[in-house]
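Trainee: Add 81 to a position in the sequence shown, counting from 1, and you land on the number used in the numbering used here.
The beta-carbon is built from N, C-alpha and C at its ideal position, and this holds for glycine as well.
The structure presented is a predicted model; accordingly, all values stated were derived computationally and were not measured.
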Amino acid sequence: KEHNFLHQAGGFATSEGLAVDKLELAWKAPSPHVIREKIAAADIILVSGGNTKFAVRKWKSLGVDGALREAMDRGAVMCGGSAGAICWFDGGHSDSLDPTTTA
């Protein structure tokens, strides 16, 4: 997991002199304060791929969806690849309902 994060964001950040932070939500949840603080501090929010349905359901259970909406409203760039791109839209093609990929 750490390697994927560094591959997606770390190399770009290093070459451009940016500060990069990570908010891992899939298997362990930080406190609501930490979640809101990290999202509020982000100018760019990059979501990795995976299962779109699982991610959005997890965000709603943790209140992350509201913090992401606030970030978007203040002008943060919302991006990602695969499920991390689909999650920003009301609909899209996904295999997230495939029972072999649902956690």
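#1: So which of A157, F170, G144 and A166 has the shortest CA-CA distance to V115?
#2: On the DSSP bridge list, what partners appear for G161?
#3: Assuming I126 contacts L149 under a Cβ cut-off of 8 Å, what Cβ separation, rounded to an integer in Å, is found between them?
#4: Taking A100 as part of the alpha helix (DSSP H), name the residues at either end of that continuous run.
#5: Determine the direct distance from the alpha carbon of D146 to that of V137, and round the result to whole angstroms.
#6: Rounded to whole angstroms, what's the CA-CA distance from S112 to L106? Just pull it up for me.
Mentor: So, from the data block:
#1: The shortest C-alpha to C-alpha distance from V115 to any of A157, F170, G144 and A166 is the one to G144.
#2: Partner(s): V128.
#3: Confirmed, about 7 Å.
#4: For A100, no alpha helix (DSSP H) segment is defined, and its DSSP state is neither H nor E.
#5: A direct Cα-Cα distance of roughly 8 Å separates V137 from D146.
#6: For S112 and L106, the distance between alpha carbons rounds to 10 Å.
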